[in-house]
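Residue numbers (my numbering): 3 to 245.
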């Protein structure tokens, strides 16, 4: 466990600590934290301090990209825990900010229905964000916050696999991180993440059929209901194979 190779945190820590709480969008979406920009595609990518990686994770939960809410929570956590050593500080960021909000509540509910906790020896998937954080690596295929036309990027337009700025981020960060883990079960959140991982992670255990837990995904209940039993079987098969 520790910081990702090539972590950018040392470049941005002091800049983050100059900000005053509570944070606003105008504090974060500024040139200071801008990593990349593609004006033609209307894309902007901003540094988000999700540099901590759990190499011993048994499960990976992979979203699309942090949204503004998660980015704000991550920066706030850095400021509130500035007294901690960097590795411990960034672990706190992961626990507090990963999928934070309604999305986390929906995610926990679905994982519990799939009986994931019993395979991990915990009582609820909510523990993956607290006392059982050592069992999970929460991440995104685009680990730094991406915005399309000024709004949270939802993974569908533009197509990640056909957009150089996004594809390079997947390959240079997410794929490098995953290569350090010991063949965990990867849970892609939604069809856009699944399509990318099915292309790049053909030989890794992927849970297929999991909907994106965002509250704005109106189809998630139907998708989950239709795929629930098959996903249960996939999870059972994975944990049986490694035990």
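From the three backbone atoms N, C-alpha and C, an ideal C-beta is built for every residue, glycine too.
Here the structure is a predicted model, which is why all the values come from computation and not from measurement.
The Cβ neighbour count for residue 42, taken over all protein chains shown within 10 Å, is under 16; the residue is labelled exposed.
Judged by DSSP in its simplified three-state form, residue 114 adopts helix. Across the set 169, 118 and 74, the C-alpha of 74 shows the shortest separation from the C-alpha of residue 35.
Each residue's CA atom was taken as its position, placing residue 48 and residue 192 some 22 Å apart. The beta carbons of residue 217 and residue 105 sit about 7 Å from each other, so the pair counts as a contact at 8 Å. Nearest C-alpha to residue 71 among 129, 201, 155 and 136: 155. Within a 10 Å sphere around the beta-carbon of residue 91 sit 16 or more other beta-carbons, which makes this residue buried. The straight-line gap separating the alpha-carbon atoms of residue 101 and residue 24 is approximately 20 Å.
For the pair residue 143 and residue 198, the CB atoms are nearer than the 8 Å cut-off. Per DSSP, residue 11 is one residue of the alpha helix (DSSP H) stretching across 11-18. In the structure shown, residue 95 adopts helical secondary structure according to DSSP, grouped into three states. Note: residue 190 is bridge-paired with 64 in the DSSP secondary-structure output. A residue is called buried when at least 16 other Cβ atoms come within 10 angstroms of its Cβ; residue 116 meets this threshold and is buried.
The region 78-87 makes no contact with the region 199-215, as fewer than three CB pairs between them are under 8 Å.
Residue 232 counts as exposed, since fewer than 16 other beta carbons sit within 10 angstroms of its beta carbon. Between residue 177 and residue 59, the alpha-carbon positions lie close to 15 Å from each other.
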